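Residue numbers are given in numbering that gives the first Met the number 0: position 83 of the sequence shown equals residue 82, and the series is strictly consecutive.
Quick notes on the structure that follows.
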Amino acid sequence: MKNENCEKTMDTFLSLDKYERIPLRITLHFLCCKKCRTQARYLTLAEKFASEPIRPTPLKDALENIPIKPVSMTKWIISGIIMILMMVVSGILLNKTESPAFAIILNINFGLIITAYCAIFVGTNMDFFIKKIGKNGKNNGQNLKLWPDNLLA
């Protein structure tokens, strides 16, 4: 019986307009029923938070708060040397035994792998390169921007 009464009371409460006076029957029920009182309080708080304007954080502030982990150059150098050595060794061994068409396909794939390796290396170490260019360049890194200003505002 109490569940039906609670359900009817909550339906009546939800059908009320904003800032409309709550009837005495619903108020008395809320005083006696902790479950309905808590539910009504949560609904009121949810409506209050939903009606507040959204305050977006600018992209510039979000990007500045991202922690930057230093990347070890030794791992990149060691993996690059191993990659080049494996390519040279496989090129020497396969050049004597396989057809020229296979050697061309192999060399094109090696070129793509080296290009991807270099692109990932530069992309993950962008801060390092910007600092190096800023120290050695004429503009001291002031005009170097990763993103246009209109995206950051």
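The beta carbon of each residue, even a glycine, is placed where N, CA and C say it ideally should be.
Note that the coordinates shown come from a computational prediction; the quantities given were computed from them, not determined experimentally.
Cα-Cα separation, residue i to residue j
i    : j    : result
L84  : I53  : 55 Å
M86  : F109 : 7 Å
L93  : I104 : 12 Å
S71  : L44  : 49 Å
I129 : V121 : 10 Å
F48  : K34  : 21 Å
Q38  : P66  : 40 Å
N106 : I76  : 21 Å
C5   : E51  : 29 Å
F12  : M125 : 58 Å
L15  : C32  : 19 Å
S98  : F127 : 43 Å
Y116 : K74  : 13 Å
N139 : R40  : The predicted position of N139 is uncertain, since its pLDDT is 49 and thus under 50; no value can be drawn from it.
L42  : D10  : 12 Å
V88  : T114 : 19 Å
T123 : S78  : 15 Å
I80  : A100 : 26 Å
CB of residue i within 9 Å of CB of residue j, strictly
i   : j    : result
R36 : L30  : yes
M82 : I112 : yes
T8  : R20  : no
Other residues of its chain near residue i: CB distance less than 8 Å, five sequence neighbours each side excluded
i    : result
K131 : none
Contacting residues, own chain, Cβ-Cβ under 6 Å from residue i (five flanking each side not counted)
i   : result
P22 : none
N2  : none
- Query: Taking the runs of the beta strand (DSSP E) that are 3 residues or longer, which of them lie wholly in the stretch 93 to 124?
  - Reply: none
- Message: As an exercise, report each continuous alpha helix (DSSP H) stretch of at least 4 residues that is fully enclosed by the stretch 11 to 60, in chain order.
- Response: 23 to 31 and 33 to 50
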